[in-house]
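Residue numbers (the working numbering), protein chains in the order written: chain W, 1 to 209; chain Y, 210 to 418.
2 protein chains.
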Amino acid sequence: MRLYSYWRSTTSYRVRIALHLKGIDHEVVPVNLAKGEQHSPGFAALNPARGVPVLVLEDGTTLTQSLAIIDYLEGIQPKPSLLPDRQPERARVMAAAHVVALDIHPVNNLRVVQRLKAMGHGPEETAGWMRHWMNEGLNAFQAMIRTDTPFAFGDAPGLADICLVAQLYNAHRWGLDLTPFARLTEIEGNCLALEAFARARPEAQPDAE
Amino acid sequence: MRLYSYWRSTTSYRVRIALHLKGIDHEVVPVNLAKGEQHSPGFAALNPARGVPVLVLEDGTTLTQSLAIIDYLEGIQPKPSLLPDRQPERARVMAAAHVVALDIHPVNNLRVVQRLKAMGHGPEETAGWMRHWMNEGLNAFQAMIRTDTPFAFGDAPGLADICLVAQLYNAHRWGLDLTPFARLTEIEGNCLALEAFARARPEAQPDAE
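Quick look at the structure:
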């Protein structure tokens with residue numbers, strides 16, 4: 001399978017981590033979002049929403065949306081599982097992941113920030129916008145997870161950890177003060193010590209600049 | 210179980226539809242977002258992210274995030290199923306749902322619009338902001354679904370239809386031109402003809418104004 005990915009895209013980063021955790025062979029095809037390659041007609045035919053990640057299967061089926069792609073990977077390669085088998089534990093891990101994936105990331109997405117700039121807001125203001133939503137969301141995330149485990153919900157990383165680590169890459173990039181989030185940076189350290197996370201890092205990608 | 214809900218909240222609307230489709234008994238507890246009731250200390254203790262919906266189970270367990278709550282409902286009451294059992298069909302339905310739930314709704318959320326207003330943008334500009342993201346996302350959604358079925362992906366409504374119907378409530382409310390989306394309003398009509406959708410509508414809620 002082929003993963004269309006951009007090194008700095010945190011949604012691509014989530015899928016890269018899941019692929020490596022599950023040991024699924026794949027090829028990475030870089031799409032340069034900064035140069036607008038996602039708006040080319042060829043790419044729009046692949047993904048009408050014109051974003052990464054996109055996973056193309058051997059039979060040509062295209063899958064989009066990072067969490068839906070990860071759901072597919074769970075289906076074809078259930079081990080290691082990224083969500084608990086039982087409810088309501090499963091829904092609680094998913095909810096923490098969704099605080100990052102729905103409450104933080106979409107509001108800070110490249111196209112949203114580009115639109116804010118078109119509406120007259122400068123780089124300082126848009127960086128402040130991003131930090132605001134990260135701060136709000138990470139506060140909620142930190143209140144939702146366990147306090148006594150190496151990872152957000154246990155002894156192995158799962159969907160909440162994947163979303164967290166990708167989001168913290170952006171938090172570092174945009175200068176968020178992480179002092180109130182010691183628990184989160186502790187989990188980040190535990191994750192990045194694992195080979196699957198390290199191989200998925202933006203800096204380890206073929207298109208890293 | 211108790212569902213904390215606001216009549217106009219489209220994420221609450223999603224969960225209400227799922228509860229009615231599955232025939233799960235529940236009590237609705239209104240939370241007035243317009244009056245800021247989600248920011249009260251009592252509510253923040255229930256949901257650190259200070260939003261609705263929140264589902265409180267009989268044993269006191271609290272579940273947040275609409276899609277995670279629906280995943281829980283799928284777990285405890287699998288029929289009727291809201292997602293295909295098989296991959297990659299399941300991931301494709303989920304991806305369409307996520308275009309609404311991740312690409313459109315979070316960027317148009319009440320708190321985001323309130324922040325834009327605090328940054329000096331008036332009602333016309335914020336309504337234009339909302340219509341922009343709805344137009345982009347619904348275009349992608351329409352390109353991702355089937356063209357020959359009563360519902361987005363088949364003969365019964367599923368997660369993509371649920372997210373669509375809730376989003377179209379907002380599209381009507383904010384005056385989006387739906388002329389290019391005839392396929393979507395056709396699906397909306399088919400959904401709202403079902404009792405489960407009709408009972409979940411904002412106008413049918415105890416706190417509707």
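Ideal Cβ placement from N, Cα and C applies to all residues, glycine included.
Out of curiosity, what's the CA-to-CA distance linking F151/W and A208/W? Each residue's alpha carbon lies about 27 Å from the other.
If you count every other CB in all the chains shown that lies within 10 Å of the CB of R14/W, and 16 or more means buried, which is it? R14/W should be labelled buried.
Along the beta strand (DSSP E) that carries L264/Y, what are the first and last residues, could you check? For L264/Y, the enclosing beta strand (DSSP E) has its first and last residue at 263–265.
Do we get a CB-CB distance below 8 Å when we pair V265/Y with the residues of chain W? V265/Y does not count as touching chain W.
I need the boundaries of the beta strand (DSSP E) containing S214/Y, first residue and last residue. Segment 211–214, the beta strand (DSSP E) holding S214/Y.
Quick check: is the beta carbon of G75/W nearer than 8 Å to any beta carbon in chain Y? Closer than 8 Å to some Cβ of chain Y, the Cβ of G75/W qualifies, so yes.
L228/Y to Y281/Y span [Cα, whole Å]: L228/Y and Y281/Y: Cα-Cα distance of roughly 11 Å.
So, are the CB atoms of V56/W and M1/W less than 8 Å apart? Contact flag set, yes.
Closer than 7 Å by beta-carbon distance: list the chain Y residues that pair up with T64/W, in chain order. For T64/W, the C-beta contacts it makes with chain Y under 7 Å involve A304, in order along the chain.
Measure the Cβ-Cβ separation of C163/W and A97/W and say whether it is below 8 Å. A contact, by the Cβ cut-off of 8 Å.
Continuous alpha helix (DSSP H) assignments of at least 4 residues falling wholly in the region 337–394 of chain Y: Within the region 337–394 of chain Y, the runs of alpha helix (DSSP H) that reach at least 4 residues and sit entirely inside it are, in chain order, 368–382.
Indicate whether L311/Y and Q65/W have their beta-carbon atoms separated by less than 8 Å. Contact: yes.
Is the region 381–396 of chain Y touching the region 336–345 of chain Y, taking contact as three or more C-beta pairs under 8 Å? Touching, yes.
Q87/W touches chain Y at which residues, Cβ-Cβ below 7 Å? The answer, in chain order, is Y281, G284, I285.
Find the residues of chain Y that neighbour R8/W, judging by a C-beta separation of less than 8 Å, and give them in chain order. Here the premise fails: no neighbours, minimum Cβ distance about 18 Å.
Taking C-beta pairs closer than 9 Å, name the residues in chain Y that P48/W reaches, listed in chain order. Result: V308, N348, A349, F350, Q351, A352, M353.
Figure out for me which residue from A182/W, T62/W, V99/W, I69/W has the closest Cα to the Cα of T147/W. Ranked by Cα distance from T147/W, the first of A182/W, T62/W, V99/W, I69/W is A182/W.
Under 7 Å from the C-beta of T61/W: neighbouring residues of chain Y: Within 7 Å Cβ-Cβ: P297.
Would the beta-carbon of V29/W fall within 8 Å of that of Y4/W? Cβ atoms of V29/W and Y4/W: closer than 8 Å.
Listed from N- to C-terminal order along the chain, which residues in the region 1–30 of chain W have their beta-carbon within a distance smaller than 7 Å of any beta-carbon of chain Y? If you check each beta-carbon in the region 1–30 of chain W against every beta-carbon of chain Y, none falls closer than 7 Å.
Whether P48/W touches P315/Y by CB criterion (8 Å): 8 Å or more divides the Cβ of P48/W from the Cβ of P315/Y.
Between P389/Y and chain W, is any beta-carbon pair separated by less than 8 Å? Using beta-carbon distances, P389/Y does not count as an interface residue toward chain W, since no partner is under 8 Å.
Nearest-angstrom Cα distance between L347/Y and P287/Y? The straight-line gap from Cα to Cα measures roughly 28 Å.
Measuring straight from C-alpha to C-alpha, what distance separates Q87/W and G251/Y? Rounded to whole angstroms, Q87/W to G251/Y spans 25 Å at the Cα level.
Please list the terminal residues of the continuous alpha helix (DSSP H) segment that includes V302/Y. Annotation for V302/Y: the continuous alpha helix (DSSP H) segment containing it runs 298–307.
Give every residue of the same chain whose Cβ lies closer than 8 Å to the Cβ of L83/W, excluding the five residues on either side of it in the sequence, and list them in chain order. Excluding residues up to 5 positions away in sequence, E74, R90, V93, M94, G158, L159 lie with their Cβ nearer than 8 Å to the Cβ of L83/W in the same chain.
Contact with chain W by R340/Y, beta-carbon distance below 8 Å: No, because no Cβ of chain W sits closer than 8 Å to the Cβ of R340/Y.
Taking the C-alpha atoms as reference points, what is the distance between D370/Y and R320/Y? For D370/Y and R320/Y, the distance between alpha carbons rounds to 25 Å.
Would L230/Y and A380/Y qualify as a contact pair, given that the criterion is a beta-carbon distance under 8 Å? Their beta carbons are not under 8 Å apart, which means L230/Y does not touch A380/Y by this criterion.
Could you list the residues in the region 106–117 of chain W with a C-beta less than 9 Å from some C-beta on chain Y, going in chain order? Taking 9 Å as the cut-off between beta carbons, the residues of the region 106–117 of chain W near chain Y are P106, V107, N109, R111, V112, R115, L116, in sequence order.
Kindly indicate if chain W contains any beta-carbon less than 8 Å away from that of L242/Y. Not one chain W Cβ lies under 8 Å of L242/Y.
In its own chain, which residues sit with a C-beta less than 8 Å from the C-beta of H248/Y, not counting the 5 before and 5 after it? The answer, listed in chain order, is R259.
Our contact map puts L168/W next to L184/W with C-beta atoms below 8 Å; I'd like the distance itself, whole angstroms only. Separation of the CB atoms of L168/W and L184/W is rounded to 7 Å, and the pair is thereby assigned contact status at 8 Å.
Tell me whether T61/W sits in a helix, a strand or coil according to DSSP, three-state version. It is coil, neither helix nor strand.
Residues of chain Y with CB under 7 Å from D103/W, in chain order? Neighbours of D103/W on chain Y, chain order: A258, P315.
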